[in-house]
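Numbering (the working numbering), first residue to last: -3 to 255.
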């Protein structure tokens, strides 16, 4: 299969260690991010015979994932994790993140294994410990993430602990985070959105060898500005990306509007 071509960004710059690439359109952003993340996964397979990857689950990631899946990756050598799941929701619920991964990723390929977070577990603490053990079995090669409207990474809403000693934990979702789920069309109204979730922590996400962060659209413009222009602090969890030695932030004209 032919590898998708990387599209040249309109602008590139760095903030601390974080590389930023700004594209004219979301489609160009998705294509470039998908191609580069795909190469990173294939390089990990070539180096170690397998890759371990963490994927985000959100409407903002759909175009990127489509581009990633077109890269000709040997998915049978890839171990896939995801970032978060609502407490009390099973994998068949249309708003669950396992359902998202099934629809947009797993229905189109066969990975070595997919590790789903069991939000319906009767013991969330036990589930956090189980998933932590899986994550720590070997290094994570690639993390493909987004940024929330409130600046969160996964479900680490502000103020988040950027030095959290845990890898996976139960969190309460703040109002802005829950409203985003309604804005994204995942739930019909705020009352339908669960109030708690299991999430990978900021240090767990930043433990990946390489990070590709895809952030399109006008509703993310404020979070992008805060990520890049404010201090690195828990009030904007995504600002921690600036500490990662091999992270790239992909933005489009709309999400870059306030820069």
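Glycine included, each C-beta is placed from N, C-alpha and C at the ideal position.
- Residue burial classification, residue 152 (beta-carbon count within 10 angstroms, cutoff 16): What you label residue 152 is simply residue 156 of the chain shown in a count that begins at 1. Residue 152 is classed as buried because its beta carbon has at least 16 other beta carbons within 10 Å across all chains shown.
- Message: Counting beta carbon pairs with one atom in the segment 98 to 112 and one in the segment 17 to 35, are three or more of them shorter than 8 Å?
- Response: With a cut-off of 8 Å, the segment 98 to 112 and the segment 17 to 35 do not count as touching, because too few Cβ pairs lie within range.
- Query: When the Cα atoms are used, what is the spatial distance from residue 25 to residue 18?
  - Reply: In the chain shown, counting from the first residue as 1, residue 25 sits at position 29. In the chain shown, counting from the first residue as 1, residue 18 sits at position 22. Straight through space, the alpha carbons of residue 18 and residue 25 are spaced by roughly 8 Å.
- Message: So for residue 86, helix, strand or coil by DSSP?
- Response: Position 90 of the chain shown, counting from 1, holds the residue named residue 86. Three-state DSSP puts residue 86 in coil, outside helix and strand.
- Query: If you compare alpha carbons, which of 45, 223, 136, 143 is closest to residue 213?
  - Reply: As a first step, residue 213 is located in the chain shown; it is residue number 217 there, counting from the start. Check the Cα spacing between residue 213 and each of 45, 223, 136, 143: the tightest is with 143.
- Task: Answer yes if the segment 171 to 179 comes into contact with the segment 196 to 203, meaning at least three C-beta pairs across the two stretches below 8 Å, and no otherwise.
- Result: Not touching, per the Cβ criterion.
- Query: For residue 26, does the three-state DSSP call read helix, strand or coil?
  - Reply: If you number the chain shown from 1, residue 26 lands on position 30. DSSP places residue 26 in helix when its eight states are reduced to three.
- Item | In chain order, each alpha helix (DSSP H) run of at least 4 residues that lies wholly inside the segment 59 to 137 | Listed in chain order, the complete alpha helix (DSSP H) runs (minimum 4 residues) inside the segment 59 to 137 are 93 to 100, 120 to 131.
- Specify, as a first and last residue, the run of the alpha helix (DSSP H) that residue 16 falls within. Locating residue 16 in the chain shown gives position 20, where the first residue counts as 1. In the DSSP assignment, residue 16 falls outside any alpha helix (DSSP H) and within the unbroken beta strand (DSSP E) covering 14 to 19.
- Message: Is the beta carbon of residue 158 closer than 9 Å to that of residue 233?
- Response: For the purposes of this step, residue 233 is taken as residue 237 along the chain shown, with counting starting at 1. For the purposes of this step, residue 158 is taken as residue 162 along the chain shown, with counting starting at 1. The answer is yes: Cβ separation under 9 Å.
- Confirm, please, whether the CB-CB distance from residue 245 to residue 189 is below 9 Å. Within the chain shown, numbered from 1, the residue matching residue 189 stands at position 193. Within the chain shown, numbered from 1, the residue matching residue 245 stands at position 249. Taking 9 Å as the Cβ cut-off, residue 189 and residue 245 do not qualify as a contacting pair.
- Task: Enumerate in chain order the residues of its own chain whose CB-to-CB distance from residue 134 is below 7 Å, with the five nearest sequence positions on each side excluded.
- Result: The sequence position of residue 134 within the chain shown is 138, counting from 1. 48, listed in sequence order.
- Query: From this set, 252, 225, 169, 254, which residue's C-alpha is nearest residue 11's C-alpha?
  - Reply: Counting from one through the chain shown, the residue named residue 11 turns up at place 15. Considering only alpha carbons, the answer is 225.
- Query: Should residue 132 be labelled buried (16 or more other beta-carbon atoms within 10 Å of its own) or exposed?
  - Reply: For the purposes of this step, residue 132 is identified with residue 136 of the chain shown, where counting begins at 1. A residue is called buried when at least 16 other Cβ atoms come within 10 angstroms of its Cβ; residue 132 does not meet this threshold and is exposed.
- Task: Tell me whether residue 254 sits in a helix, a strand or coil according to DSSP, three-state version.
- Result: Here residue 254 refers to the residue found at position 258 when the chain shown is read from its first residue. DSSP places residue 254 in the coil class of the three-state scheme, outside both helix and strand.
- Message: I need the boundaries of the alpha helix (DSSP H) containing residue 221, first residue and last residue.
- Response: For the purposes of this step, residue 221 is taken as residue 225 along the chain shown, with counting starting at 1. From DSSP, the alpha helix (DSSP H) with residue 221 extends over 217 to 225.
- Compare the beta carbon distance of residue 72 and residue 108 with 9 Å and say whether it is the shorter of the two. The count along the chain shown starts at 1 and reaches residue 72 at position 76. The count along the chain shown starts at 1 and reaches residue 108 at position 112. Taking 9 Å as the cut-off, the beta carbon of residue 72 is found closer than this to the beta carbon of residue 108.
- Task: Specify the secondary structure class of residue 10 as computed by DSSP and reduced to three states.
- Result: Walking along the chain shown from the start, residue 10 turns up at place 14. Three-state result, residue 10: strand.
- Item | Through-space distance from residue 93 to residue 54, alpha-carbon basis | Residue 54 sits at position 58 when you count from the first residue of the chain shown. Residue 93 sits at position 97 when you count from the first residue of the chain shown. Here the alpha carbon of residue 54 sits roughly 8 Å from the alpha carbon of residue 93.
- Task: Give the DSSP-derived three-state secondary structure of residue 200 in the structure shown.
- Result: Within the chain shown, numbered from 1, the residue matching residue 200 stands at position 204. In the structure shown, residue 200 sits in a helix (DSSP, three-state: H, G or I).
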